Amino acid sequence: GAVRNNLLFRDLPQTALEMIIDSMHGVSVPPCTDIIRQGDIGASEFYVLEEGSCEVWVQPDSAAKPTKALTYTAGSAFGELALLYSSPRAATVRAVSSCKLWVMERAVYHTVKRNFTHEAFVARHKLLDNVPALKHLTSHQRATLVDALQQVDFKAGQTIFKKGDPGNEFFIIREGTAVVKDGGNGTVLAKLSPGQYFGERALLGAEVRAADVIADTRLLCYKLTRAHFDALLGSREDIWRYEALQKVSLLNTLGEQQLWQLAQAMETVSFAKDQVVFMAGDPGDLFYVVQEGSFSCYEADSGKELAKVLPGGCFGELALLQREPRKACVMATTASIALTLSRDQFSALLGNLSQLRNVWRLDILRKVEQE
Numbered sequence: 001g002a003v004r005n006n007l008l009f010r011d012l013p014q015t016a017l018e019m020i021i022d023s024m025h026g027v028s029v030p031p032c033t034d035i036i037r038q039g040d041i042g043a044s045e046f047y048v049l050e051e052g053s054c055e056v057w058v059q060p061d062s063a064a065k066p067t068k069a070l071t072y073t074a075g076s077a078f079g080e081l082a083l084l085y086s087s088p089r090a091a092t093v094r095a096v097s098s099c100k101l102w103v104m105e106r107a108v109y110h111t112v113k114r115n116f117t118h119e120a121f122v123a124r125h126k127l128l129d130n131v132p133a134l135k136h137l138t139s140h141q142r143a144t145l146v147d148a149l150q151q152v153d154f155k156a157g158q159t160i161f162k163k164g165d166p167g168n169e170f171f172i173i174r175e176g177t178a179v180v181k182d183g184g185n186g187t188v189l190a191k192l193s194p195g196q197y198f199g200e201r202a203l204l205g206a207e208v209r210a211a212d213v214i215a216d217t218r219l220l221c222y223k224l225t226r227a228h229f230d231a232l233l234g235s236r237e238d239i240w241r242y243e244a245l246q247k248v249s250l251l252n253t254l255g256e257q258q259l260w261q262l263a264q265a266m267e268t269v270s271f272a273k274d275q276v277v278f279m280a281g282d283p284g285d286l287f288y289v290v291q292e293g294s295f296s297c298y299e300a301d302s303g304k305e306l307a308k309v310l311p312g313g314c315f316g317e318l319a320l321l322q323r324e325p326r327k328a329c330v331m332a333t334t335a336s337i338a339l340t341l342s343r344d345q346f347s348a349l350l351g352n353l354s355q356l357r358n359v360w361r362l363d364i365l366r367k368v369e370q371e
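Numbering of the sequence shown is given in UniProt numbering, commencing with residue 1 and proceeding in unit increments.
Written as structure tokens, this is what we have:
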């Protein structure tokens with residue numbers, strides 16, 4: 001308990017704690033023995049008192065008389081600063097009675113902590129990989145989020161949030177279980193276990209919680225706030241744009257970073273119902289992705305509808321390849337919003353799309369020849 005409850009070990013998993021505890025060795029000291037002395041240099045031990053009692057004495061300066069600050073009893077721990085860095089001891093700890101102690105060395109602590117930190121990073125990264133709402137992120141972006149995850153602890157029976165509460169935090173379960181309940185009638189909607197997650201709608205713009213979530217057992221979670229998410233990766237609108245661009249077949253040769261650049265460069269344009277976006281024969285210089293509403297692509301002469309474009313769909317993408325007149329007409333069939341990207345913007349960011357596609361094809365041919 002003295003080890004687990006200490007702030008230095010609170011984030012370590014059970015396996016790491018067991019390794020640390022197994023490394024500790026026992027010592028016995030008689031009464032009136034100074035276990036540590038104020039001012040000692042090069043100290044590297046942390047102590048857990050199993051039996052007996054000790055007093056802590058502090059001397060503010062060499063001219064002052066030492067004063068007793070507190071008393072340690074069985075279950076107490078001291079000397080933890082020696083695990084973090086080498087500095088003179090801040091106080092003297094003296095055995096009042098015969099004492100039995102367990103001792104941990106700084107080198108062991110740092111080795112276990114370092115190994116655990118790497119393993120924990122890998123484990124958290126895998127957890128984020130399994131969240132569908134984050135699938136569109138690049139590996140670099142997910143790694144950035146891993147560093148922003150905060151560990152939080154909930155007691156069994158504790159309510160994490162209720163239906164209707166503001167939604168601004170997302171959770172992944174590391175240890176324990178939770179239940180999702182209907183806030184109205186208390187019906188259990190789902191049971192969640194390690195590796196599962198809840199509250200992800202908070203990252204996608206949901207303003208209020210849709211259900212209650214309660215810790216079924218002691219629950220250890222990783223938490224990510226919407227503020228951290230937005231600060232690290234940009235707005236949710238940028239992310240939506242990125243997802244939409246991933247679906248454009250003309251751009252399927254571009255890498256994640258290139259698509260992300262394009263997503264952040266796109267501009268928003270609103271259209272009224274029945275407003276014409278362009279007519280057949282107009283210069284083709286803009287590419288559109290539908291964010292809200294719907295658009296109709298139709299023949300200029302007959303008025304025959306060729307396609308209906310809904311949110312997430314696109315039109316005018318050939319404008320990114322070459323400057324040619326439009327082949328058909330497009331009109332907004334409802335009040336709509338579209339994201340636009342011009343050929344010049346594309347070229348300024350990434351170069352000529354035709355050349356990029358040719359480079360990609362050449363790269364594929366080289367790989368085939370090497371095989």
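Even for Gly, the Cβ is constructed at its ideal location relative to N, Cα and C. Just so you know, these numbers come straight off a predicted model, no measurement behind them.
Evaluate L365 with the Cβ neighbour count: other Cβ atoms within 10 Å of its Cβ, from every protein chain shown; 16 or more gives buried, anything less gives exposed. At L365, the pLDDT of 40 sits below 50, so the modelled position is not reliable; the number obtained from the coordinates is stated separately. By the 16-neighbour rule on beta-carbons within 10 angstroms, L365 is exposed.
With a CB to CB cut of under 8 Å and the five nearest residues on each side skipped, what residues in its chain are close to W240? Correct list, in chain order: Q291.
Closest by C-alpha distance to Q114, when choosing among R94, L84, I36, N130: Strictly speaking, residue 114 in this sequence is Arg, with Gln absent from that position. R114 has its Cα closest to that of L84, out of R94, L84, I36, N130.
Terminal residues of the continuous alpha helix (DSSP H) containing M19? Unbroken alpha helix (DSSP H) run through M19: 14 to 23.
How many Å lie between I18 and V112 at the Cα? It is Glu, not Ile, that sits at residue 18 in the sequence shown. Computed Cα separation, rounded: 10 Å.
What does the alpha-carbon distance come out to for the pair A64 and Y109? For A64 and Y109, the gap between their C-alpha atoms comes out near 35 Å.
Integer Cβ distance of P66 from V56, believed to fall under 8 Å: The beta carbons of P66 and V56 sit about 10 Å from each other, so the pair does not count as a contact at 8 Å.
For T92, count the other beta carbons within 10 Å of its own beta carbon; 16 or more makes it buried, fewer makes it exposed. Which is it? Around the beta carbon of T92, 16 or more other beta carbons lie within 10 angstroms, which makes this residue buried.
Between S98 and P88, what straight-line distance do the alpha-carbon atoms span, to the nearest angstrom? When rounded, the distance between both Cα atoms is 26 Å.
Through-space distance from D285 to L350, alpha-carbon basis: Per the coordinates, the alpha-carbon of L350 lies some 16 Å from the alpha-carbon of D285.
Burial state of V208, where buried means 16 or more other Cβ atoms lie within 10 Å: By the neighbour-count rule (16 or more Cβ atoms within 10 Å), V208 is not buried but exposed.
Among the residues of its own chain, which have a CB less than 7 Å from the CB of R106, if the five just before and after it don't count? Closer than 7 Å at Cβ, skipping near neighbours: S44, A82, L83.
Report the start-end ranges of each alpha helix (DSSP H) in the UniProt domain "Cyclic nucleotide-binding" (250 to 367) that is 4 residues or longer and not cut off at the edges. For the UniProt domain "Cyclic nucleotide-binding" (250 to 367), whole alpha helix (DSSP H) runs of length 4 or above, ordered along the chain, are 256 to 265, 343 to 350.
Give, in chain order, every unbroken run of the beta strand (DSSP E) that is at least 3 residues long and sits entirely within the UniProt domain "Cyclic nucleotide-binding" (8 to 112). Here the runs fully enclosed are 25 to 29, 34 to 36, 45 to 51, 54 to 58, 67 to 72, 92 to 95, 99 to 105.
Applying the criterion that 16 or more other CB atoms from any shown protein chain within 10 Å of the CB defines a buried residue, is I173 buried or exposed? Looking at its Cβ environment, which holds 16 or more other Cβ atoms inside 10 Å, I173 is buried.
Answer with buried or exposed for H228, where buried requires no fewer than 16 other C-beta atoms within 10 angstroms of its C-beta. Looking at its Cβ environment, which holds 16 or more other Cβ atoms inside 10 Å, H228 is buried.
In three-state DSSP terms, what is D216? In this structure, D216 counts as coil in the three-state DSSP scheme.
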